[in-house]
Ligand code: SAM
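In UniProt numbering, the protein residues as written are 6 to 256.
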């Protein structure tokens, strides 16, 4: 059987496509793309005319057998999304899961990924982090999601769209007002900007300069302070000790 290559493509700057990705996109017999019209521009830029077929969230499950039949007949296929690494908040998970279950050869080609680029330029701790994908759009669900992450000590990373960024900052003003936040906007593009500050400072900045709300965002939030958690734990320990003593347990 052939190989499924999972190929990362640029998140804005076409120079970020690796030579290996360009070679594989030219050599495979088909490219499964999230949006074939969108990816046609990338292929035209590269001078590649490999045939494409669409693979998006609405047809992914149905595409598995078709793509597998190509692999079984010895063809190799590349999977790409509109931008960045497939499967990272993009289609491809169902296909890769199914093909792996069937024992097919799957090769990921590393390259651009907005969350990794954002973290590498933000200056927040990166030894551990939690990627939360996109926060829910409904205010109540967004609040609940943030509540769930509130006590995490590692850096939190979210993807966000331009029309929700101010709402997300407002939610952070309420729920995590004292955290350091870094916004990475338009990575690898002409107006690439890193903004840092408290949720309130960033909210002000975006409201004052609407240009700063344009484009694509990665939101990074410093983790909860371990000291605060330590305090909570020692309060719990103190109370436990008091209860045990009052119950006459010898300590
Ligand atoms: N698969 C992509 C990746 O590897 O990063 C992510 C796809 S997801 C549908 C799109 C989201 O990724 C955007 O809403 C934004 O949060 C983030 N993103 C993508 N490109 C970006 C860029 N150039 N600058 C900042 N964020 C970006």
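Ideal placement from N, C-alpha and C gives every residue a C-beta, glycine not left out.
Can you have a look at residue 13 and say buried or exposed, based on whether 16 or more other CB atoms are within 10 angstroms of its CB? Looking at its Cβ environment, which holds 16 or more other Cβ atoms inside 10 Å, residue 13 is buried.
Return the CA-CA distance between residue 216 and residue 197, expressed in angstroms with no decimal places. Rounded to the nearest angstrom, the two C-alpha atoms are 12 Å apart.
Report the rounded CA-to-CA distance for residue 48 versus residue 158, giving the unit in angstroms. Distance between the alpha carbons of residue 48 and residue 158: 42 Å.
Would residue 105 pass as a contact of residue 76 if the rule is Cβ separation under 7 Å? No, they are not a contact pair.
Integer-rounded CB distance, given that residue 200 should sit under 8 Å from residue 192: A Cβ-Cβ distance of about 13 Å is found for the pair residue 192 and residue 200, leaving them out of contact under the 8 Å criterion.
Within the same chain, show all residues whose beta-carbon is closer than 6 Å to that of residue 15, passing over the 5 residues directly before and after it, in chain order. Counting only Cβ-Cβ distances below 6 Å, and skipping sequence neighbours, we find 21, 22 and 117.
Quick one: does the C-beta of residue 90 sit closer than 6 Å to a heavy atom of the ligand SAM? Under cutoff, so the answer is yes.
As assigned by DSSP and simplified to three states, the class of residue 74: Helix, per DSSP.
CA-to-CA distance, residue 231 to residue 62, given in whole angstroms: Each residue's alpha carbon lies about 39 Å from the other.
Cα separation between residue 256 and residue 173? Low local confidence applies: a pLDDT of 46 at residue 256 is under 50, so the model's placement there is unreliable, with the coordinate-based value given in what follows. Each residue's Cα considered, the two are about 48 Å apart.
Rounded to whole angstroms, how far is the Cβ of residue 35 from the Cβ of residue 80, which I believe are closer than 8 Å? Yes, residue 35 and residue 80 are in contact; Cβ-Cβ is about 7 Å, under 8 Å.
By DSSP, does residue 31 sit in helix, in strand, or in coil? Residue 31: helix per DSSP, three-state reduction.
Helix, strand or coil: how does DSSP classify residue 135 here? Note: residue 135 maps to strand in three-state DSSP.
Going by DSSP in three states, residue 229 sits in which element: helix, strand or coil? In this structure, residue 229 counts as coil in the three-state DSSP scheme.
Distance, Cα to Cα, residue 135 vs residue 185? Using only the alpha carbons, I get a separation of about 16 Å.
Residue 177 to residue 204, Cα distance in whole Å? Roughly 6 Å between the two C-alpha positions.
With a 10 Å radius around its C-beta and 16 neighbouring C-beta atoms as the bar for buried, classify residue 39 as buried or exposed. Around the beta-carbon of residue 39, 16 or more other beta-carbon atoms lie within 10 Å, marking it buried.
Using a threshold of 7 Å, state whether the C-beta atoms of residue 115 and residue 65 are closer than that. For residue 115 and residue 65, no; Cβs fall outside 7 Å.
Residues bridged to residue 85 by DSSP? 38.
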